[in-house]
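Trainee:
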Amino acid sequence: MPTPHPPRPPYPPPGGDPGESDESLAGPLRAGSDAEGSRSAALLMARHWQPAHDYAVVCLALSGPLAHMVTATAFHQVLGRLALGEPAEALRPRLLVAVRDTVVTWSGTDRITAVLPGLGKPAGGRGMRAAKTLIPENRVLSDRSFHALPRLEQALLWHIEVEAEPITVPAGLLGLDVDSAAAALEQAREKFREGLVRAHRELAPGKECRYYNRLLDVPIRRGGALLPDVQEHLSACSHCRHAAEQLGHADAAPGVLLAEA
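In structure tokens, the structure reads:
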């Protein structure tokens, strides 16, 4: 089964305006005392726990203590990397990936599934573990483009396009004013689309696909029809057909692409 889609949070972050950026909160994890680091961890967990926990429930197809265990493990891994010096930008999508990977790893370990049978649900952990890939074939380019972006731009796209939050939320998490965040968001959207075009070219299975690269991008961007020979090529080439479909969503619905990737 492909990666489950993260749910959109029906709530604002705890405390409304985040105030301090995630990066500012992460500072004591790296250089503070144990008590200071513990306070920082608590604030970051309060800020991001609910979306991560909700996604654990989706991945497991199960609520309850197991979802709490998965979420806590994901936080332990990600906050541990912050303590070692990783930047705290794009923390939310990184936590969700850690949740997903934890479910996959645990569901493939016999000693763990023996004591946590909830991992064996076909619609949950067992199904994810059995999947050949967690990224659908028609979203590979979106995944590659998103992860090539700087983390600040990943965070803006994720919170605005996937979680449908107001721009004040990621602006606060990133320590930006709203105008700067809005400008960076527009740049992120454009770079995401450019990344799709580049990924299509770089992953093209042959010269013919690379030839059609711009012949796909330009008409779709302008809302026009593809040339007849391009349409004929798409009927026989899944790589280019998937690229055309993703480019068609890139401007109007990038959140759909990112959630499904």
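Numbered by UniProt numbering, the letters in the sequence shown go through residues 1 to 261 in order. We put the beta carbon where it would ideally sit given N, CA and C, even for glycine. Since this is a predicted model, take the numbers as computed values, not measurements.
Would you mind working out which of 208, 240, 172, 211 sits nearest residue 91, comparing C-alpha positions?
Mentor: Looking at the Cα atoms, 172 is the closest of the given residues.
Trainee: Within 10 Å of its beta-carbon, does residue 17 have 16 or more other beta-carbons around it, so buried, or fewer, so exposed?
Mentor: Note that residue 17 scores 42 on pLDDT, short of 50, meaning its location in the model is unreliable and no value can be drawn from it.
Trainee: Please identify the residue among 84, 46, 85, 87 whose C-alpha is closest to the C-alpha of residue 71.
Mentor: Comparing Cα-Cα distances from residue 71 to each of 84, 46, 85, 87, the minimum goes to 46.
Trainee: For residue 88, which residues from the same chain have a beta carbon less than 6 Å from its beta carbon, with the 5 sequence-adjacent residues on both sides left out?
Mentor: Closer than 6 Å at Cβ, skipping near neighbours: 22, 23, 26, 82.
Trainee: My output table needs one value for residue 87: the three-state DSSP class, helix, strand or coil.
Mentor: Reduced to three states, the DSSP call for residue 87 is coil.
Trainee: Taking all protein chains shown into account, do 16 or more other C-beta atoms lie within 10 angstroms of the C-beta of residue 181, making it buried, or fewer, making it exposed?
Mentor: By the 10 Å Cβ count, residue 181 comes out buried.
Trainee: Give the straight-line distance between the Cα atoms of residue 220 and residue 231, rounded to the nearest whole angstrom.
Mentor: Roughly 12 Å between the two C-alpha positions.
Trainee: So which of 35, 225, 134 has the shortest CA-CA distance to residue 259?
Mentor: When each option's Cα is compared against that of residue 259, the closest is 134.
Trainee: Among 73, 201, 161, whose alpha-carbon lies nearest the alpha-carbon of residue 255?
Mentor: With distances taken between Cα atoms, residue 255 lies closest to 161.
Trainee: Between the Cα of residue 158 and the Cα atoms of 188, 111, 177, which residue gives the shortest distance?
Mentor: Comparing Cα-Cα distances from residue 158 to each of 188, 111, 177, the minimum goes to 188.
Trainee: Does the beta-carbon of residue 115 have 16 or more other beta-carbons within 10 angstroms, so that it is buried, or is it exposed?
Mentor: Exposed is the call here.
Trainee: Using the C-alpha atoms, what's the distance from residue 31 back to residue 48?
Mentor: So the two alpha carbons sit approximately 22 Å from each other.
Trainee: Taking the continuous alpha helix (DSSP H) assigned at residue 232, which residues delimit it?
Mentor: Looking at the DSSP string, the run of the alpha helix (DSSP H) that includes residue 232 is 228-236.
Trainee: In three-state DSSP terms, what is residue 32?
Mentor: Residue 32 falls in the coil class under three-state DSSP.
Trainee: How many Å lie between residue 175 and residue 199 at the Cα?
Mentor: Approximately 31 Å, taken between the alpha carbons.
Trainee: Report buried or exposed for residue 54, applying the criterion of at least 16 other Cβ atoms within 10 angstroms of its Cβ.
Mentor: Buried: at least 16 other Cβ atoms inside 10 Å.
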